[in-house]
Amino acid sequence: MNKKDLRVVKTQNILYRTLLDLMKEKTFEEIKVSDICNQALINRSTFYAHYNDKYELLAEFIQELKNSLTGELKKNKNISNTKEYYLEMIKLFLDHIEEKRESYLAIMIHNRNSITMDIIYDVLDHDITSHLQQDNSLDEKQIPRSIIAKFYIGAVVNVGMEWLKSGNQYTKENMIEYFRVLIPDELNHKV
228 MNKKDLRVVK
238 TQNILYRTLL
248 DLMKEKTFEE
258 IKVSDICNQA
268 LINRSTFYAH
278 YNDKYELLAE
288 FIQELKNSLT
298 GELKKNKNIS
308 NTKEYYLEMI
318 KLFLDHIEEK
328 RESYLAIMIH
338 NRNSITMDII
348 YDVLDHDITS
358 HLQQDNSLDE
368 KQIPRSIIAK
378 FYIGAVVNVG
388 MEWLKSGNQY
398 TKENMIEYFR
408 VLIPDELNHK
418 V
């Protein structure tokens with residue numbers, strides 16, 4: 228097993244937090260490596276020992292977020308009822324947003340980054356597509372799986388973003404209940 232040096236992990240975590248803090252104040256494009264180093268209280272040489280530039284730092288941070296979200300969604304594998312699957316997916320996604328609130332605020336609200344959005348869409352698309360491939364109720368007169376996946380991805384991501392932006396206007400339970408009402412009980416996806 229390849230273990231990372233704890234000093235390396237600590238430095239990377241400091242750099243992640245610093246980048247997120249800076250992204251609350253200004254856009255990613257406005258942030259300089261010197262800004263990150265000054266706020267993190269590290270030397271530029273330390274930064275460059277870990278990353279080639281700020282883009283590599285952001286890419287690694289986003290990859291960590293993607294891996295974390297993928298891990299959370301794996302908890303939803305044993306649900307065969309389609310409606311319950313989608314309800315559990317939104318719950319897991321909202322749980323992840325809640326747990327990583329500062330990260331999501333920085334990269335999805337304060338710095339709406341299309342790369343980040345694409346990664347989140349990709350994770351959800353993979354999860355939904357995998358679920359749809361196991362759904363035996365779909366036949367040849369069905370709505371194409373890709374259309375079904377995009378429909379639910381859009382709903383989950385946009386509702387998640389709305390919940391994040393709204394602060395305390397809605398509870399997580401409110402959002403899940405809204406989905407319970409919006410998703411029909413019988414999902415046969417036939418045209």
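All residue numbers for the sequence shown refer to my numbering, where the first residue is 228 and numbers rise by one. For every residue, glycine included, the Cβ atom is placed at its ideal position computed from N, Cα and C. Predicted, not measured: the structure shown is a model, and the values here were computed from it.
Reference residue i, options the options, closest by Cα
{"i": "Gly387", "options": "Tyr331, Ala376, Gln360", "result": "Tyr331"}
{"i": "Gly394", "options": "Glu329, Thr254, Leu409", "result": "Glu329"}
{"i": "Val260", "options": "Lys251, Glu252, Ser272", "result": "Ser272"}
{"i": "Leu247", "options": "Asn279, Lys327, Ile306", "result": "Lys327"}
{"i": "Glu252", "options": "Gln266, Asp412, Asn240", "result": "Gln266"}
{"i": "Thr309", "options": "Gln361, Lys237, Ile403", "result": "Gln361"}
{"i": "Met402", "options": "Pro411, Ile410, Trp390, Asp412", "result": "Trp390"}
{"i": "Arg244", "options": "Pro411, Ile334, Met344, Ser357", "result": "Ile334"}
{"i": "Asp349", "options": "Ala376, Glu404, Gln396, Ala276", "result": "Ala376"}
{"i": "Glu291", "options": "Asp280, Ile269, Asn240", "result": "Asn240"}
Expected contact under 8 Å - CB spacing of residue i and residue j to nearest Å
{"i": "Lys302", "j": "Leu319", "result": "6 Å"}
{"i": "Leu249", "j": "Asp262", "result": "6 Å"}
{"i": "Ile317", "j": "Val383", "result": "5 Å"}
{"i": "Ile380", "j": "Leu351", "result": "5 Å"}
{"i": "Lys392", "j": "Ile346", "result": "Not a contact, Cβ separation roughly 19 Å."}
{"i": "Leu314", "j": "Phe406", "result": "6 Å"}
{"i": "Leu285", "j": "Phe255", "result": "7 Å"}
Buried versus exposed call for residue i [16 or more other C-beta atoms within 10 Å across all chains shown]
{"i": "Thr398", "result": "exposed"}
{"i": "His353", "result": "exposed"}
{"i": "Ile374", "result": "exposed"}
{"i": "Phe378", "result": "exposed"}
{"i": "Leu296", "result": "buried"}
{"i": "Glu370", "result": "Sequence check: residue 370 is Ile here, not Glu. Under this definition Ile370 is an exposed residue."}
{"i": "Tyr282", "result": "exposed"}
{"i": "Leu242", "result": "buried"}
{"i": "Ile336", "result": "exposed"}
{"i": "Tyr275", "result": "exposed"}
Query raised in the report: Counting only runs that start and end within the segment 311-348, where is the beta strand (DSSP E) found for 3 or more residues in a row?
Result: none
**Report entry** Entirely enclosed alpha helix (DSSP H) segments - the segment 274-308, minimum 4 residues
**Finding:** 281-300
**Report entry** Contiguous alpha helix (DSSP H) assignments of at least 4 residues, all confined to the segment 382-409
**Finding:** 399-409
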